[in-house]
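For the protein sequence lines, the chains are Z and X, in the order given. Position 55 (the first sequence) corresponds to 55 in the numbering used here; numbering is contiguous. With positions in the second sequence counted from 1, the corresponding number in the numbering used here is that position plus 116.
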Amino acid sequence: EAEVAQSPRYKITEKSQAVAFWCDPISGHATLYWYRQILGQGPELLVQFQDESVVDDSQLPKDRFSAERLKGVDSTLKIQPAELGDSAMYLCASSLPREGGTGELFFGEGSRLTVL
Amino acid sequence: QKEVEQDPGPLSVPEGAIVSLNCTYSNSAFQYFMWYRQYSRKGPELLMYTYSSGNKEDGRFTAQVDKSSKYISLFIRDSQPSDSATYLCAMNHNQGGKLIFGQGTELSVKP
C-alpha cells in the first residue's frame, strides 16, 4: 500500500539550531501539504504545494520557516533558528489533483520535534 | 473564535457503547466535511467523507452534517477497544483546498 514517507520520526534539538524535515508523497500525488500539530490540538496548515509551486503559505512563519519542493516530488521543511514554541508534530500529507479524486489527504506518520 | 470547535474530551466509554462525537463551525462556505482518526504517535487517516448536508453510513460509523445548524456528528455503534484514538473533524470550501481541523476528541473504549 502506498504511503507518505517522512523523516526523521523524532528530532530533539536545542533552541537556535537548524532543523530539517523530509517528505516523500504518494507517487502521482501532485498536491503536497505540511501541517503542524501542537500536542492536544488539531493540525494547522503551514504550506501547500501544487507540483513545485506554492499555493498557500499564509500561515508559514517565513522569518524562520522555509519549504521547498524543487522537482515537484519530495519536499523539505526547514526551521532556522528553532524556538521552544516550535515543539510539535510536523505532518506531511499528499492528495491527487481535484479532478482526479475526492481531495482526500493521505498523511505520513509525522516528525515529532522537541526543542530544548 | 476558532472556525471549527470540537470538544477535546477525553471521552471514556465501555465496549459496545454508542459514541457520539460532534463539531460546530462558523463558516457557512464549508461544503466538504471529513472525520479523521488518529492513533497515538501516528498521522491522521480518513474515516468518513461527506459532501454538503445529509447522512453517510459505513459499517459501524455514521456521519451526519446539518449545514443549517453548522453542526456535524460522527456516531460509532458497538464501539470496540480498537476504536480508542483521537477523532478529528475537518472541513473545507472546495476539494483540495485548505482543510480546517477541529481540536480533536480523545476517545477511550474500555473492555
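Glycine residues also receive a C-beta, built at the ideal position from the N, C-alpha and C atoms.
Beta carbon of residue i nearer than 8 Å to that of residue j
i, j, result
"X/N138", "X/D123", "yes"
"X/K214", "X/E131", "no"
"Z/Y35", "Z/A93", "yes"
"X/V192", "X/D182", "At residue 192 of chain X the sequence reads Ile, which differs from the Val that was named. Not in contact: X/I192 and X/D182 (Cβ atoms no closer than 8 Å)."
"X/V120", "X/M207", "yes"
"X/F177", "X/T166", "no"
"Z/P8", "X/P160", "no"
"Z/H29", "Z/L96", "yes"
"Z/L105", "Z/Y33", "yes"
C-alpha distance - residue i paired with residue j, whole-angstrom precision
i, j, result
"Z/D74", "Z/E109", "15 Å"
"Z/L46", "X/S185", "29 Å"
"Z/G100", "Z/C23", "Here the model assigns Z/G100 a pLDDT of 45, short of 50, so the residue's position is not dependable and the matter cannot be decided."
"X/Q219", "X/P126", "12 Å"
"Z/A5", "Z/K62", "24 Å"
"X/Y203", "X/N171", "18 Å"
"Z/I79", "Z/Q37", "15 Å"
"X/N210", "Z/F65", "27 Å"
"Z/L116", "Z/D56", "30 Å"
"X/A201", "X/W151", "12 Å"
Short CB-CB distance (under 8 Å) between residue i and chain X
i, result
"Z/L45", "yes"
"Z/E52", "no"
"Z/E109", "yes"
"Z/L77", "no"
"Z/G42", "yes"
"Z/L32", "no"
"Z/L39", "no"
Simplified DSSP assignment, three categories, for residue i
i, result
"X/P197", "helix"
"Z/L77", "strand"
"X/L223", "strand"
"X/L127", "strand"
"Z/D57", "coil"
"Z/D51", "coil"
"X/G170", "strand"
"Z/D24", "strand"
"Z/D86", "helix"
"X/A206", "strand"
"X/E121", "strand"
"Z/Q37", "strand"
"Z/Q17", "coil"
"Z/A2", "coil"
"X/A145", "coil"
"Z/K11", "strand"
Any C-beta of chain Z under 8 Å from that of residue i
i, result
"X/Q117", "no"
"X/G175", "no"
"X/G125", "no"
"X/F217", "yes"
Of all the residues that make up the stretch 56–68 of chain Z, which are near chain X by a beta-carbon distance shorter than 7 Å? Residues are counted here when their Cβ sits less than 7 Å from a Cβ of chain X; for the stretch 56–68 of chain Z these are D56, given in chain order.
Could you name the residues of the stretch 128–161 of chain X whose beta carbon sits closer than 9 Å to any beta carbon of chain Z, in the order they occur along the chain? Of all residues in the stretch 128–161 of chain X, only Y148, M150, Y152, Q154, R157, K158, G159, P160 and E161 come within less than 9 Å of chain Z when Cβ atoms are compared, listed by chain position.
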